[in-house]
Amino acid sequence: MSKVVVIGSGLGGLTCAYILQKNGYDVTVLEQGAQAGGCLQCFSRKGVKFETGMHFIGSAAPGQTMYRVMRYFGLGDTVRLSPLDTAAYNTVDLCGQRFRFANGKDAFIEQMAEYFPREKDALHRYMDIIQSIASASTIASLTSDSRDMAAETEYRTRSMNEVLDGLFDDELLKNVLAGDLPLYSAELDRTPFSQHAFIMDFYNRSAFRVVGGSDSIARSLAGSIADMGGRIEVKCKAVKIHCNDVRATGVETENGRFYPADFVIATVHPKRLMEMLDTRLIRPAFRARICSMPQTASGFAVYVKFRPETMPYMNTNLFGYSGRTPWNCEHYTRDEWPKGFLYMHFCHEDRAVWARGGVILTYMDFKDVEKWKGTATGRRGQEYGMFKRVHAERLMAEVDRHCPGFLSSVESYWTSTPLTYLDYTGTEDGSMYGVAQDIHAGAAGRVPYRTRIPNLFLAGQNVNSHGMLGVVVGTIVTCSELVPSAQIYRQINEAYL
Ligand SMILES: Cc1cc2nc3c(=O)[nH]c(=O)nc-3n(C[C@H](O)[C@H](O)[C@H](O)COP(=O)(O)OP(=O)(O)OC[C@H]3O[C@@H](n4cnc5c(N)ncnc54)[C@H](O)[C@@H]3O)c2cc1C
């Protein structure tokens, strides 16, 4: 049985391990943290559970892509989903008005056309383009057939704002359609329209919260991997990938253990991977390219516990902006921060009436916290505590401005900064979604899933894209190096029958 060592136990690592263990490999997952899951992890404070990096998923209604993928991964019975409001899975609060995103192509167009009647034809064209890009992906058809990639290729090289400018006249509508851009940390003139299209399509088809927290996804995957004979070793930080003259031979961990491997799959940030490789098999030019890739923005989060039965459960994701546009919120002066936020409630139970907890996310530059880099979580000192308090209070005041009464429901709160993301996931500068997609970078801007070391592969959010769908697509591509893709797709389709 060939041995595979997977580095990192986030969604990328766990889904790779699941596929490979199921298909006859002997898999060990190494995780630096105390629990498996990466961004799927949750934490509890004062009896309330909080999700850290997976708040809602899309295309998971019966028959849809994520529904079928989840069944394949054994998540169909173990992970309970709660639909977001189908008339408003997202709400964009901009220029004093609220704009609701409805599920389904026709409902979405009808609702947007009520706000912007003169743009109805353009909205049809917009949704047609979104669907043609999304359906060009193999995951949409769940087959390994080669597809007509023309639509995706064109919109991979055109920026999101350029395409929106070409489609619509109304500035406010363009900004509303870009209003959910914190979900992918989109940047003006840089983020490809294709990324916007995949995410718009994913959630437009259907959108759900995970009842009880996204850690149920990690728990279920980890349990299935163990049941099939695989292993997940936590508190086991990979520090070095050993290589001979031609290939990787195994992985050394911080606690001095060595895991021999026929194949290694790294699902960590690619810069962390470069730090584990001192072999001449990796060319300096490749290393330099990987280390100079742009990162998505990093973030600041406030986790709120509400006083009992004071905050009605909000079954939509609220994107609020202080200015006239969602763009450029990652660039701010001290006085301007925060320029926007994403505010969500956690779904603690089916048909929730009251919210027990919620999260507010906003951008924060790593430089704002850089002076505390290298200090340990919980021991960063008083000044850091004050920094977090001041920023949390400003962010909560901004939410209260958009949602009057919010502050009076807050019982307690906790925060995370870019340093927290750095410590918990190892992304460069605590970036939320890893390497950024950039239309100007061409092929050099993509993280490859193969390396010059023939038995070392990459997976996770930096390969392909982030998020539930983006990571799983990357997983299938990477695992196809070891298991024929047709076999993986056949298994996915069989699991649905
Ligand atoms: C704030 C936030 C909100 C999000 N919301 C959503 C959402 O609502 N819906 C959605 O679909 N997606 C969302 N995402 C994105 C999604 O969570 C991620 O893209 C995805 O979970 C990443 O999975 P991964 O396996 O690639 O990486 P990670 O989850 O980061 O896992 C990497 C793992 O590698 C481990 N690791 C790092 N270095 C080492 C080492 N040297 N040795 C061993 N282990 C190591 C880390 O500890 C970590 O566990 C969100 C992300 C963030 C940050």
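Using this note's numbering, read the sequence shown as starting at 3 and increasing by one per residue. Yeah, the Cβ is synthetic: ideal placement off N, Cα and C, and Gly gets one too.
Pick from the options that is closest to residue i, judged by C-alpha positions
i      : options                        : result
Met230 : Arg382, Lys24, Tyr451, Tyr117  : Lys24
Leu96  : Leu424, His404, Gly428, Val485 : His404
Glu372 : Val29, Arg326, Gly432, Val355  : Gly432
His527 : Ala354, Ala263, Tyr365         : Only positions 3 to 499 of the chain appear in this structure, which leaves residue 527 out of reach.
Glu395 : Ile362, Thr377, Ser196         : Ile362
Thr480 : Asn495, Ala399, Gln297, Leu458 : Leu458
Arg192 : Leu471, Thr453, Gly444         : Gly444
Gln66  : Thr318, Phe210, Phe288         : Phe210
Tyr323 : Trp356, Leu397, Lys5           : Leu397
His244 : Asn163, Leu279, Thr269         : Leu279
Tyr74  : Tyr305, His442, Ser222         : Ser222
Asn105 : Thr255, Gln439, Tyr435, Ser61  : Ser61
Thr54  : Asp425, Thr140, Ala461         : Asp425
Met313 : His350, Leu275, Trp356, Arg285 : Trp356
DSSP-derived helix/strand/coil call for residue i
i      : result
Asp431 : helix
Gln34  : coil
Cys349 : coil
Cys238 : coil
Asp167 : helix
Thr17  : helix
Asp182 : coil
Val412 : strand
Val213 : coil
Ser482 : coil
Arg233 : strand
Pro194 : strand
Cys405 : coil
Ser487 : helix
Lys48  : coil
Leu460 : strand
Ser467 : coil
Ser187 : coil
Near ligand 1: residue i beta-carbon under 6 Å from a heavy atom
i      : result
Val479 : no
Gly55  : yes
Ile21  : no
Lys369 : no
Phe321 : no
Ile243 : no
Cys41  : yes
Leu58  : Residue 58 is actually Phe in this sequence, not Leu. Within the cutoff, so yes.
Ile9   : yes
Arg274 : yes
Thr159 : no
Leu279 : no
Met129 : no
Ala240 : yes
Met470 : yes
Leu460 : no
Leu32  : yes
Thr93  : no
Gln197 : no
Residues that residue i bridges to, as DSSP identifies them
i      : result
Gln66  : Answer is none; Gln66 lacks a bridge partner.
Glu400 : Note: Glu400 sits in no beta bridge, so no partner.
Gly252 : His244, Pro262
Ile219 : Beta-bridge pairing links Ile219 to no other residue.
Tyr323 : Gly342
Gly60  : Ala209
Pro314 : Trp356
Residue i at chain D interface by Cβ criterion, 7 Å
i      : result
Ala287 : Checking the listed chains, one finds no chain D in this structure; it contains a single protein chain.
Residue ranges of each beta strand (DSSP E) run of no fewer than 3 residues wholly in the segment 326-396, ordered along the chain? 342-347, 359-365
Mind listing, in chain order, the continuous beta strand (DSSP E) runs of no fewer than 3 residues lying wholly within the segment 69-140? Listed in chain order, the complete beta strand (DSSP E) runs (minimum 3 residues) inside the segment 69-140 are 83-85, 92-96, 99-103.
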